[in-house]
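Here's the structure, in structure tokens; my notes come after.
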Amino acid sequence: MPDHVEKLSWLNPRILWAARNGVLASWFGDPTGRTRSRWVARRAEAGAPADKVIRREVPDRFSFMLLGDTGEGGESQYAVVPGFLKVGQGTEFAVIASDVIYPVGHADDYGDKFFRPYRDYPAPVYAIPGNHDWYEDLGAFMRIFCADPAPLGSEPAPRPLTRAWWRTLLWHRPRPQDEERLEQARRLRSAPGQRAVQPGPYWAIDAGPVRIVGIDTGLLGTIDAEQGAWLREVSRGPRPKILVTGSPLYVDGEHHPCPVEGGGTVDDIVRDPDHHYVAAIGGDIHNYQRYPVDVDGRTVQYVVAGGGGAFMHATHTIPRVSVAGVTEREFRCYPLRGDSLAFYSRLYGRRSRLRRFFTLTESEATAVVAERLGTEPGRAPGPDARVTRRTRLVASLLGAGGRPDRTSRFRLPVRKIYTQLFSPGSATYSPPFFKSFLRLDITPEAVGLRCFAATGNREQEIDPPVEDEVTIPLN
Numbered sequence: 167m168p169d170h171v172e173k174l175s176w177l178n179p180r181i182l183w184a185a186r187n188g189v190l191a192s193w194f195g196d197p198t199g200r201t202r203s204r205w206v207a208r209r210a211e212a213g214a215p216a217d218k219v220i221r222r223e224v225p226d227r228f229s230f231m232l233l234g235d236t237g238e239g240g241e242s243q244y245a246v247v248p249g250f251l252k253v254g255q256g257t258e259f260a261v262i263a264s265d266v267i268y269p270v271g272h273a274d275d276y277g278d279k280f281f282r283p284y285r286d287y288p289a290p291v292y293a294i295p296g297n298h299d300w301y302e303d304l305g306a307f308m309r310i311f312c313a314d315p316a317p318l319g320s321e322p323a324p325r326p327l328t329r330a331w332w333r334t335l336l337w338h339r340p341r342p343q344d345e346e347r348l349e350q351a352r353r354l355r356s357a358p359g360q361r362a363v364q365p366g367p368y369w370a371i372d373a374g375p376v377r378i379v380g381i382d383t384g385l386l387g388t389i390d391a392e393q394g395a396w397l398r399e400v401s402r403g404p405r406p407k408i409l410v411t412g413s414p415l416y417v418d419g420e421h422h423p424c425p426v427e428g429g430g431t432v433d434d435i436v437r438d439p440d441h442h443y444v445a446a447i448g449g450d451i452h453n454y455q456r457y458p459v460d461v462d463g464r465t466v467q468y469v470v471a472g473g474g475g476a477f478m479h480a481t482h483t484i485p486r487v488s489v490a491g492v493t494e495r496e497f498r499c500y501p502l503r504g505d506s507l508a509f510y511s512r513l514y515g516r517r518s519r520l521r522r523f524f525t526l527t528e529s530e531a532t533a534v535v536a537e538r539l540g541t542e543p544g545r546a547p548g549p550d551a552r553v554t555r556r557t558r559l560v561a562s563l564l565g566a567g568g569r570p571d572r573t574s575r576f577r578l579p580v581r582k583i584y585t586q587l588f589s590p591g592s593a594t595y596s597p598p599f600f601k602s603f604l605r606l607d608i609t610p611e612a613v614g615l616r617c618f619a620a621t622g623n624r625e626q627e628i629d630p631p632v633e634d635e636v637t638i639p640l641n
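First residue of the sequence shown? That's 167 in the numbering used here, and the numbers climb one at a time after it.
Dropping the structure here:
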């Protein structure tokens, strides 16, 4: 790690103000579709392929890495690196799915949050932007991944006192960047085998028997009409496909199909049998989840893979899963709900100075979550796993199982506010971190998907444990 790392806190008013564009877009209209079209048009003028397909010469049997929401730059991001490098040996490339750089995607942050941690990964790294990469109009992302160094320039001023005028007035603009600092950072990943240029913020990769399709969901988790038309076109044909998106389509027991401007959804395209999608993998939420959904007799694996480095979003608040035919029996997540509840019970205990009341052991948390969900625990609880009034009360206050009860009116921030405020303000700097990353092994017959844990403990660095795995047939 660098000698000095600024602790990123989403309770810091300065950072919240710099990251205001997402809120402004939701209030006054989202301009990212128009901005994205301007970037794409300029890349086309520079000679990017019209179909935005990257064609890589790889064997029919190859592997690639995938991790999401990486760029906080602290201990939890760097804890992923040893296991990532070990498991990533022999892979052809890596993909970052969403939020390459926090807090606002500035170019000066790429040194410690991208080039330095992955300097020893010998293959190219492709990326799709997340909402945080858009907080400075995607300029740094386009420069690093698409070799487009010049800013876009401003558009004509909107009419006074319109919604667009207010948005423009309050909009966070890209700050000047330190050119020397960026050039020094680039040297950390300057080997010929590490270089790659993307055709834009959304792209497809043809590699071996599969096509990997990456889409840019901007600030608000939607895609514009131009990108939607491209997605429909690039999805046609019998080649098996894997979608990589900044916003997962199934997450926390809910379906988020991702609207396309002008009509339809991304999930409509994924489900179309003529498009032959076998998986849809999204970032944005900082944990691992998997939903094997039956779509007209074939299984599409919907995966959340945002555990690559940023603070952990809780899994214990996910309600008992029953969505699109997927139940608790088929659903998988990491960290396990009991470990998530134990983690946040310690956090609340430390912050409130009520450790003896709040703190639950992993066994206690596992047992009480299983009781609240009405399921068998994924891991057998230990001998201290008595479910008492205190453990039930703590589990209820922290929203375990997402189930309301008599104490709901006193519940601590656990759902929307929990995700948007408490979790981001609760980054920790010592293990366990509950981070994760994926390795996908491709053959003409199947895709093998494995989720590896990265805890920050040396034992898991030496031998990264597999927390989930599935074989996805390609026929």
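Every residue, glycine too, gets a C-beta built ideally from N, C-alpha and C.
Just so you know, these numbers come straight off a predicted model, no measurement behind them.
On the CB-based measure, 16 or more other CB atoms within 10 Å of its CB, does residue i come out buried or exposed?
{"i": "R209", "result": "buried"}
{"i": "I371", "result": "buried"}
{"i": "T383", "result": "buried"}
{"i": "N297", "result": "buried"}
{"i": "K642", "result": "One cannot answer for residue 642 here, as it falls past the ends of the chain, which runs 167 to 641."}
{"i": "K601", "result": "buried"}
{"i": "N453", "result": "buried"}
{"i": "T328", "result": "exposed"}
{"i": "A316", "result": "exposed"}
{"i": "G540", "result": "exposed"}
{"i": "R538", "result": "buried"}
{"i": "Q642", "result": "Since the displayed the chain opens at 167 and closes at 641, residue 642 lies outside it and no answer follows."}
{"i": "Q393", "result": "buried"}
{"i": "P404", "result": "exposed"}
{"i": "A391", "result": "exposed"}
Please check the pair residue i and residue j, which I expect to be a contact at CB under 8 Å, by giving their CB distance rounded to whole angstroms.
{"i": "G491", "j": "D460", "result": "5 Å"}
{"i": "Q467", "j": "V636", "result": "6 Å"}
{"i": "A184", "j": "V270", "result": "5 Å"}
{"i": "R365", "j": "P215", "result": "With the sequence shown as reference, residue 365 is identified as Pro, and Arg is not the correct amino acid for it. P365 to P215, Cβ: 6 Å. Contact."}
{"i": "R352", "j": "F281", "result": "7 Å"}
{"i": "S506", "j": "T532", "result": "Between T532 and S506 the Cβ distance is about 10 Å, and since that is not below 8 Å, they are no contact."}
{"i": "F194", "j": "W300", "result": "In fact, because the Cβ distance is near 15 Å, the residues do not count as touching under 8 Å."}
In whole angstroms, give me the CA-to-CA distance for residue i and residue j.
{"i": "Y584", "j": "G374", "result": "Unreliable placement is indicated for Y584, whose pLDDT of 41 sits below 50; the coordinate value is still reported in the next sentence. Cα to Cα, Y584 sits roughly 42 Å from G374."}
{"i": "L336", "j": "L190", "result": "8 Å"}
{"i": "V379", "j": "D607", "result": "16 Å"}
{"i": "T388", "j": "R555", "result": "44 Å"}
{"i": "P423", "j": "V417", "result": "10 Å"}
{"i": "E258", "j": "P288", "result": "9 Å"}
{"i": "G359", "j": "E399", "result": "30 Å"}
{"i": "W205", "j": "P290", "result": "22 Å"}
{"i": "P225", "j": "L409", "result": "21 Å"}
{"i": "S596", "j": "D450", "result": "23 Å"}
{"i": "H442", "j": "L513", "result": "44 Å"}
{"i": "G188", "j": "L386", "result": "7 Å"}
{"i": "I267", "j": "L354", "result": "17 Å"}
{"i": "P326", "j": "T334", "result": "10 Å"}
{"i": "W176", "j": "P425", "result": "28 Å"}
{"i": "A313", "j": "R624", "result": "37 Å"}
Let me make sure I understand the geometry here. Which of the options has the alpha-carbon closest to that of residue i?
{"i": "D169", "options": "E627, H272, G380 and D278", "result": "D278"}
{"i": "Q255", "options": "D286, T527 and T493", "result": "D286"}
{"i": "A207", "options": "L318, K173 and R227", "result": "L318"}
{"i": "P501", "options": "L520, Q360, V363 and E633", "result": "E633"}
{"i": "L174", "options": "A476, P543, A536 and Y457", "result": "A476"}
{"i": "Y292", "options": "T411, W396, H421 and M167", "result": "T411"}
{"i": "E223", "options": "P367, A446 and V376", "result": "V376"}
{"i": "W396", "options": "H421, G540 and P367", "result": "P367"}
{"i": "T465", "options": "A212, L409, I638 and L564", "result": "I638"}
{"i": "P485", "options": "S401, V469, S562 and P404", "result": "S562"}
{"i": "E611", "options": "R522, L640, F618 and T621", "result": "L640"}
{"i": "V261", "options": "Y284, H272 and D275", "result": "Y284"}
{"i": "V534", "options": "G568, R522 and S518", "result": "G568"}
{"i": "E172", "options": "D274, G234, S229 and T201", "result": "D274"}
{"i": "R616", "options": "D438, P631, R202 and G622", "result": "P631"}
{"i": "S401", "options": "V444, R361 and L415", "result": "V444"}
{"i": "L520", "options": "Y510, S413 and S529", "result": "Y510"}
{"i": "E494", "options": "T557, A446 and G419", "result": "G419"}
Opposite residue i in the DSSP bridges: which residues?
{"i": "E635", "result": "R616"}
{"i": "I181", "result": "In DSSP, I181 forms no bridge with anything."}
{"i": "C499", "result": "Q455"}
{"i": "F259", "result": "F230"}
{"i": "V410", "result": "G380 and I447"}
{"i": "S320", "result": "Answer is none; S320 lacks a bridge partner."}
{"i": "F603", "result": "F618"}
{"i": "E420", "result": "V417"}
{"i": "P425", "result": "T431"}
{"i": "A370", "result": "V219 and V379"}
{"i": "Q467", "result": "A445 and P458"}
{"i": "Q292", "result": "Per the sequence shown, residue 292 should be read as Tyr rather than Gln. DSSP lists V261 as partners of Y292."}
Is any beta-carbon of chain C found at less than 7 Å from that of residue i?
{"i": "E392", "result": "In the structure shown, chain C does not exist; there is a single protein chain."}
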